[in-house]
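**Student:** Shown below is the structure under consideration.
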Amino acid sequence: MSSNPILDDLTARIEKTWNERDLDAAMELYTDDIMYRDFSTGRELHGIDAVRRHAAAVFRRFDMAWTVTAIQPFADVDGGIIFWNMRGGLIGAHASIDSYGLDYVLIRDGKFSRDDVYFDSAQLAPLALSLRDAPAIVRFGLSRFGLANAAKVARAMVAATATRAVA
């Protein structure tokens, strides 16, 4: 738990809804004008409809379980950094991965108004090893990334956290 009860509550609820793949409940936690960016794939989504389409695609293709490992609230704005681990893989595939990353989130009116997702997409490589799994991975952008992406993600993480003081 952090020193921000709203952040703690939203984090617990988003973890639960994504783990249960409950699209409607998950979308209730974002503002209508949410800005969602996934720096591992280069995707930038604006608005709840775009985020809904993205989440629906993830829920259809992947069976993954997220575990929040730490929450670090910001001192100067409502939001923080959510650290997580993820375990899972493509639905129907035999490969599975353990991954880690973080979300940089801002909160407005009790909902997430910004969500920047950071993780190294090279962690997805084991899922692409079988030919049957490759098309879904390629659609999610792994073909454009590799180990070199780790440096890009690290720079983005440093830039994001450097712009905000943490509590």
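UniProt numbering applies: residue 1 is where the sequence shown begins, and numbers increase by one.
The beta carbon of each residue, even a glycine, is placed where N, CA and C say it ideally should be.
Here's a check: name, in chain order, each residue in its chain whose Cβ is nearer than 7 Å to the Cβ of F59, leaving out the five neighbours to either side.
**Tutor:** Taking F59 as the centre and dropping the five residues before and after it, the same chain places the C-beta of R21, L23 closer than 7 Å to its C-beta, in chain order.
**Student:** Going by DSSP in three states, D22 sits in which element: helix, strand or coil?
**Tutor:** coil
**Student:** Within its chain, find whatever has a CB closer than 8 Å to the CB of A65; leave out the 5 residues flanking it on each side and keep chain order.
**Tutor:** For A65, where only same-chain residues beyond five positions count, the Cβ hits under 8 Å are N19, M86, R87, G88.
**Student:** Which two residues bound the contiguous alpha helix (DSSP H) that contains I48?
**Tutor:** 48–61
**Student:** Is I41 helix, strand or coil when you go by DSSP?
**Tutor:** A small fix is needed here, since residue 41 is Thr in this sequence, not Ile. Correct three-state label for T41: coil.
**Student:** Go to G79, then tell me how far its beta strand (DSSP E) extends in each direction, as first and last residue.
**Tutor:** 79–90
**Student:** Taking the straight line between their C-alpha atoms, what separation do you get for V77 and H94?
**Tutor:** 43 Å
**Student:** If you follow the beta strand (DSSP E) that G110 is part of, which residue opens it and which one closes it?
**Tutor:** No beta strand (DSSP E) holds G110; DSSP gives it neither H nor E.
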